[in-house]
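Residue numbers 1 to 52, in the UniProt record's numbering, belong to the letters of the sequence shown in order.
Structure first, then comments.
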Amino acid sequence: VATLIRGFREMGSYTLRWDGTDDAGRALASGMYIYRLTAGDHVETRKLMPLR
1 VATLIRGFRE
11 MGSYTLRWDG
21 TDDAGRALAS
31 GMYIYRLTAG
41 DHVETRKLMP
51 LR
């Protein structure tokens, strides 16, 4: 649906906010979303339910 960050980042702690829009800027429907975080060889997949 949306790519929030692509590319290399220095080691550290980061905070990222998603505004609930897709890559075309359209607001997404309410519901459950799955996100994936990839950092080097580490990959995490989790569920997210945005509150409006």
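Glycine is no exception: its CB is placed at the ideal position from the N, C-alpha and C atoms.
Secondary structure of residue i, DSSP reduced to three states
i, result
"V1", "coil"
"Y14", "coil"
"A24", "coil"
C-alpha gap between residue i and residue j, whole angstroms
i, j, result
"D19", "I5", "13 Å"
"A27", "L16", "18 Å"
"V1", "A29", "11 Å"
"A39", "Y33", "20 Å"
"K47", "T3", "16 Å"
Limits of the beta strand (DSSP E) - the one that residue i falls within
i, result
"T38", "Y33 to A39"
"L48", "H42 to L48"
Supposed close pair residue i, residue j - CB separation, criterion 8 Å
i, j, result
"R36", "V43", "7 Å"
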